[in-house]
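Trainee: Chains A and B are the protein sequences, given in the same order. If you're matching positions, the first sequence starts at 0 in numbering that gives the first Met the number 0 and goes up one per residue. If you're matching positions, the second sequence starts at 0 in numbering that gives the first Met the number 0 and goes up one per residue. In this text, a Cβ means the ideal position worked out from N, Cα and C, and glycines have one as well.
Number of protein chains: 2
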Amino acid sequence: MSNTTELTPAEEVVETDLLEAIRAAIEARDADQARLLAGRMLDDDALELLEDLSGRELAHLFAFLGEDSLGVLLARLDHRDAAGILTRMSATQAADILESIGPDDATDIVQVINQSDPESVENILVAMEPEEAAEIRELLPYGEETAGGLMTPEFVAVFPEMRADETVTALRSVADEIESVQYVYVIDRNEQLLGVLSLHRLVLSAPQTPVGDLMSTDIWSVRADEDQEVAARIVTERSLLALPVVDDDGKLIGIITRDDIDEIIEDEATEDMERLGGSNPLDVPYLRASPILLFRKRIVWLLVLFFAQFITVSIQEGYEDLLAQVTLLAIFIPILIGTGGNVGSQTVSTLIRALAVGEVQTRHILKVIGKEALTGLLLGIVMGGLMFGRALLVGDGSTDLALVVGLTILVLTTWAATIGSVLPIILSKLKMDPAVVSAPFISSLVDGTGLILYFTLAKYFLSL
Amino acid sequence: MSNTTELTPAEEVVETDLLEAIRAAIEARDADQARLLAGRMLDDDALELLEDLSGRELAHLFAFLGEDSLGVLLARLDHRDAAGILTRMSATQAADILESIGPDDATDIVQVINQSDPESVENILVAMEPEEAAEIRELLPYGEETAGGLMTPEFVAVFPEMRADETVTALRSVADEIESVQYVYVIDRNEQLLGVLSLHRLVLSAPQTPVGDLMSTDIWSVRADEDQEVAARIVTERSLLALPVVDDDGKLIGIITRDDIDEIIEDEATEDMERLGGSNPLDVPYLRASPILLFRKRIVWLLVLFFAQFITVSIQEGYEDLLAQVTLLAIFIPILIGTGGNVGSQTVSTLIRALAVGEVQTRHILKVIGKEALTGLLLGIVMGGLMFGRALLVGDGSTDLALVVGLTILVLTTWAATIGSVLPIILSKLKMDPAVVSAPFISSLVDGTGLILYFTLAKYFLSL
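Structure follows, in structure tokens:
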């Protein structure tokens, strides 16, 4: 292989050519260029390109960048993607990289590999420093979605009689091993959590004070088997920088740090949004999702709603004679059920979010119903009035038909706002995810009920 | 007033009676009970109850709790609500409470009062400690949605030649004034930012080292006039605990802390969700929103979509003869446009979120179109097949009609997925909010195009 391949300077590489440029740098054994380009990948959020490199190319990149830089790249990637890359490297290289990543992220990646290939996990763990491998083994049993699965065992705990200056000295001796310290935890001889002390407080207090006198005993913690979203909510609501995790006996076993929480909050909002749109959550970054995966996540609800909408077909079959007599009735069907669906979708999205951030709780149900029914009525008066006017312009301008159409909108918006607010709250009360009432779900529901309402009013007012 | 009113112990108070219990405690001048109940409010996220208290009751509560406790409560409330409460108190009390809140939150509250009542802002600021009033005056000019509006002027900056131990001593002398220190910033004589140093690093390094040797020069900052969402994205993507804010000359003037960022991220997701549902963002907590406000936020898009849907009426008017000839055609309209709308809504919600978290960027447009068109086609094959089968059971079981209906679904799902993915990306490219393409918007668009497609296919296959 030649060393003379001409390379474009990294700054000029256009985004789509980044992968090719990295490959060229690897072929040319140009370590500096490879480092520059890796930096570009990080800045451009284009880390997914790493996945397209072969095992051999990754091994070279590893040699150029060193385990720390590659570790930084992998820790920023989705865990599944990072796992895919590691399995294409040698166990020794994978071990070196995992050592450079925090044990919580490293465990998440190992957990993914473990699902498909427990043997190579064993090889990697054996190749790691015993102490760091032990940390991962300790974290592995906790479910990915629990507080235990999220925590890192790297925290600092001291006994209450230790003085502030002694604690700082002790901290200094572990400084290399621990990434970052925000809090020092105070425990008793049984490792029970007594209190917490910010580094800020520790450093800025009189050096001789025992930490027991400095600590705050107003302390929040979660059990390791608790759902990770519970931990996330505590951290954000109390503006904490880290949250201690305890086992069944109340022993302090780890902490959850801020950056893990950010991911959960973001993922939670993503899932709610995808559900609201009427699909099951993707669980992988969008660009990684194949059309087959997208299909699978979407077809479920689509089918449910499709079969539910068969009811609209049946309803209309039942009114076929009516439709044949007054063909004009069909003309208004899309706008009627469309408007009803829109109001339902507006209400549902607002309520689902208000429930998710805790602004609305199940005890507020009556207050919410009152508010939404009134809002729906206000919307109905305006939209119904407009609809009445528009309907007068259709066909021979029958006032009766216009009345039917206007009245349908009035009742339908009120109904849509009411049912769109009640259903999410009821689901939340039943401990189900309120976002199951998606915009398409509420639209379909309103479609069916709206058609019955429309035909019933038509029969009555048009005396058919 | 009597002191003998019998009070329920705070633990037994059911949630709906909390307000009454607080009022009773105030009447009875029972400071301990009032403190207990205030804690309950905090734990139950029921702080909005404070708003229902009169000025006189608030004054008493203030006397029982002291400015610090009341400050904690108000800082947790929405700024508008907190402003409403402060204006019902005396200027001196309001000043005492604002002093106990961080200057960034205090400024946000003062900004709200300033909009309606600049005179009482002046009274409050005059009643405050000059130094703390000066901080608020400094922050007041920055727009609420900018980095400057979010920052606090409470930060620690030192020159690079200062030693680690000297810096710690200096920090100790300001410990009382500054809430919390995560980072020490290093500046030159012109107050230009040179680097940053975590407290962790500062404390755990050799005491004699100059901070200039310890600092990291890989530092992120924002200008004060930058949008707050830009600041939020930097903080979360780089997992920072605070972000420095500089003025036009690059002078360090403040920092944005973690807890402010959380609110923005949460608000941003709320706004996206409300937009996706088809309403304008509420901007106030849901329970605070009156039906009139809900009406105003929803009617705008409802009207836009309503007038757009008039097109569906016109389209159908144009095909009135066709509908009169084949009444059965009308039966399938709701399920056809419903399914198309559902696919569009699924796609739009996934894409809007992927754009919001930065997973998809405008340069991915071709990749996304290919992926979504294929997904839509797969969905269309399944749903179209089912639709064909169902349509055979309607009326006299015409294969031609079933073919028209099945084919419409096939084309419509492909079209809905494609247009639902392209539109948000284009809006994002045009620097508009992609969430403007709401679920109702895409449904209405698909309704109109779907009807034209349906009638065109019907004309052709049924030879009408």
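(1) Just how far apart, CA to CA, sit A:T7 and A:R39?
(2) Is the Cβ of A:K370 closer than 8 angstroms to any Cβ of chain B?
(3) Are there three or more Cβ pairs, one per stretch, closer than 8 angstroms when the stretch 347-363 of chain B is compared with the stretch 396-412 of chain B?
(4) For B:V12, count the other beta carbons within 10 Å of its own beta carbon; 16 or more makes it buried, fewer makes it exposed. Which is it?
(5) Mapping DSSP to helix, strand and coil, what is B:S215?
(6) Determine, for A:M272, whether the minimum Cβ-Cβ distance to residues of chain B falls below 8 angstroms.
(7) Kindly list the residues whose CB is nearer than 6 angstroms to the CB of A:F331, restricted to its own chain and excluding five residues on each side of it in sequence; keep chain order.
(8) Using the C-alpha atoms, what's the distance from A:S204 back to B:V229?
(9) Using the beta-carbon count (16 or more within 10 Å), is B:T216 buried or exposed?
(10) Indicate whether B:L240 and B:Y184 have their beta-carbon atoms separated by less than 8 angstroms.
(11) Is the separation between the beta-carbon of B:S443 and that of B:L335 shorter than 8 angstroms?
(12) Whose Cβ in chain A lies nearer than 8 angstroms to the Cβ of B:R257?
(13) Take every Cβ of the stretch 104-117 of chain B, pair it with every Cβ of the stretch 81-94 of chain B, and state whether three or more of those distances are shorter than 8 angstroms.
(14) When we look at the beta-carbon of A:P206 and count the other beta-carbons within 10 Å, is it buried (16 or more) or exposed?
(15) Is the CB of B:E265 under 8 angstroms away from at least one CB in chain A?
(16) Residues of the stretch 339-351 of chain B in Cβ contact with chain A at a cutoff of 8 angstroms, in chain order, please.
(17) For B:T349, write down the residues that DSSP places opposite it in a beta bridge.
(18) In angstroms with no decimal places, state the Cα-to-Cα distance between B:D104 and B:E236.
(19) Please name the residue, chosen from B:T338, B:K370, B:G253, B:L293, that lies closest to B:I135 on a Cα-to-Cα basis.
(20) Would you decide whether B:R389 is buried or exposed? Buried here means 16 or more other CB atoms lie within 10 Å of its CB.
(21) Nearest CA to the CA of B:D164: which residue from B:T151, B:R200, B:I21, B:A133?
(22) Here's the rule: buried if 16 or more other CB atoms are within 10 angstroms of the residue's CB, otherwise exposed. What is B:G447?
(23) Classify A:A169: buried if its beta carbon has 16 or more other beta carbons within 10 angstroms, exposed otherwise.
(24) For a test of the three-state rule: what should DSSP assign to A:R28, helix, strand or coil?
(25) In or out: B:G317 buried (at least 16 other Cβ within 10 Å) or exposed?
(26) Count the C-beta pairs between the stretch 148-167 of chain A and the stretch 124-131 of chain A that are closer than 8 angstroms, then say yes if the count reaches three, no if not.
(27) Excluding the 5 residues preceding and the 5 following B:F387 in the sequence, name in chain order all residues of the same chain whose CB lies nearer than 6 angstroms to its CB.
(28) So with CB distances below 8 angstroms, who are the chain B contacts of A:T413?
(29) Per DSSP, what are the beta-bridge partners of A:D226 in this structure?
(30) Could you say which of B:D258, B:T455, B:L60, B:N122 lies nearest to B:L35 if we only look at CA atoms?
(31) Between the beta-carbon of B:T349 and the beta-carbon of A:E265, is there less than 8 angstroms?
(32) Pick helix, strand or coil for B:V471, following the three-state DSSP scheme.
(33) Which residue spans inside the stretch 231-264 of chain A form an unbroken alpha helix (DSSP H) run of at least 4?
(34) Express the C-alpha separation of B:R295 and B:L385 in angstroms, rounding to a whole number.
(35) How many angstroms separate the CA atom of A:M150 from the CA atom of A:L139?
(36) What's the call for A:Y453, buried or exposed, on a 16-neighbour Cβ count within 10 Å?
Mentor: Judging by the given coordinates:
(1) Summary for A:T7: the model assigns pLDDT 43, below 50, so the residue's position carries little reliability; its value from the coordinates is reported in the next sentence. In a straight line, the C-alpha of A:T7 is about 13 angstroms away from that of A:R39.
(2) Yes, A:K370 lies at the interface with chain B (some Cβ there is under 8 angstroms from its Cβ).
(3) No, they do not touch.
(4) Confidence at B:V12 is low in this model, with a pLDDT of 47, below 50, so the placement of that residue should be treated as unreliable; the coordinate-derived value is given next. Around the beta carbon of B:V12, 16 or more other beta carbons lie within 10 angstroms, which makes this residue buried.
(5) Here B:S215 sits in strand by DSSP.
(6) Yes, contact with chain B.
(7) For A:F331, the CB contacts under 6 angstroms within the same chain, skipping 5 residues up- and downstream, are V404 in chain order.
(8) Roughly 36 angstroms between the two C-alpha positions.
(9) So B:T216 counts as exposed.
(10) It is not a contact, given that the beta carbons lie outside the stated cut-off.
(11) Here B:S443 is not near B:L335, since their CB atoms are 8 angstroms or more apart.
(12) Chain A residues near B:R257: S238, L240, R257.
(13) Segments in contact, yes.
(14) Under this definition A:P206 is an exposed residue.
(15) Output row for B:E265: interface = yes.
(16) Cβ contacts with chain A come from G340, N341, V342, S344, Q345, T346, V347, S348, T349, L350, I351.
(17) In the DSSP output, where bridge partners are listed per residue, B:T349 has none listed.
(18) Each residue's alpha carbon lies about 24 angstroms from the other.
(19) Measuring C-alpha to C-alpha distances from B:I135 to each of B:T338, B:K370, B:G253, B:L293 identifies B:G253 as the nearest.
(20) Buried is the call here.
(21) If we check each option's Cα against that of B:D164, B:R200 comes out closest.
(22) Per the 10 Å Cβ criterion, buried.
(23) With fewer than 16 other Cβ atoms inside 10 Å of its own Cβ, A:A169 counts as exposed.
(24) Three-state result, A:R28: coil.
(25) In the assembly as shown, B:G317 is an exposed residue. Its beta-carbon has fewer than 16 other beta-carbons within 10 Å.
(26) The stretch 148-167 of chain A is not in contact with the stretch 124-131 of chain A.
(27) Same-chain partners within the cutoff: A401, G405.
(28) The premise fails here: A:T413 is roughly 12 angstroms from chain B at the closest Cβ pair, so nothing lies under 8 angstroms.
(29) DSSP lists A:T145 as partners of A:D226.
(30) Restricting attention to B:D258, B:T455, B:L60, B:N122, the CA atom closest to the CA of B:L35 is found in B:L60.
(31) Going by C-beta atoms, B:T349 is not nearer than 8 angstroms to A:E265.
(32) Outside the modelled stretch of chain B, which goes from 0 to 463, sits residue 471 of chain B, for which no answer is possible.
(33) Fully contained in the stretch 231-264 of chain A is no alpha helix (DSSP H) run of length 4 or more.
(34) When rounded, the distance between both Cα atoms is 41 angstroms.
(35) Taking the straight line from one Cα to the other gives about 11 angstroms.
(36) Burial call: buried.
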